[in-house]
Amino acid sequence: MYSKTIPAMLAIITVAYLCALPHAHARSTQGYGRMDRILAALKTSPMEPSAALAVENGTTHPLEKRQIYDTSCKGVYDRALFNDLEHVCDDCYNLYRTSYVASACRSNCYSNLVFRQCMDDLLMMDEFDQYARKVQMVGRKK
């Protein structure tokens, strides 16, 4: 009895795996392509400081990658808020392994398109409203 059901179950599992695999691959490559386009647009933007480009070329040390408190953030200083926002940028850096992603994610006190794209690529969009409130709190002018 079991000798007939085991091969059938293995066949079903194999078919399900093969059907899901192309979709998983397309999601990750699609996210990587979007991030490349965002970063390329930021690099060519005249408003972007040249220091970020120097970091990408390796001429300076990217201290902002490890910086927990951004002096441009004029709102509430709460370590828990910064820690939550910092984890998104750190995870995004670990996903793409590009120092420019880390610095662009933190720019303008986390209120930027790269931060949102990082949340999307990390599959965290169901928590976006919660993180948007945190960004508003740390970036609010006094």
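Per my numbering, the sequence shown starts with residue 337, numbered consecutively.
For each residue, glycine too, the CB sits at the ideal point set by N, CA and C.
The structure presented is a predicted model; accordingly, all values stated were derived computationally and were not measured.
Starting from residue i and walking both ways along the alpha helix (DSSP H), at which residues does that stretch end?
i    : result
S435 : 435–442
L459 : No alpha helix (DSSP H) contains L459, which DSSP labels as neither H nor E.
K470 : 464–475
Helix, strand or coil for residue i? Go by DSSP, reduced to three states.
i    : result
D426 : helix
D414 : coil
N419 : helix
T341 : helix
P385 : Low confidence applies to P385: its pLDDT is 45, below 50, so where it sits in the model is not reliable, and the reading given next is rough at best. Here P385 sits in coil by DSSP.
R370 : helix
C409 : coil
K478 : In this predicted model, K478 has a pLDDT of only 48, less than 50, meaning its place in the structure is not dependable; the value taken from the coordinates is given anyway. Looking at K478 - three-state DSSP - the assignment turns out to be coil, as it is neither helix nor strand.
I348 : helix
Look at the Cβ atom of residue i, then the Cβ atom of residue j, and state whether they are nearer than 8 Å.
i    : j    : result
L479 : A440 : This structure cannot settle anything about residue 479, because the visible part of the chain is limited to 337 through 478.
V412 : M473 : yes
C454 : C409 : no
L421 : V471 : yes
L458 : D427 : yes
Please decide whether residue i counts as near chain D, where near means a Cβ-Cβ distance under 8 Å.
i    : result
L375 : No chain D appears in this structure, which consists of one protein chain only.
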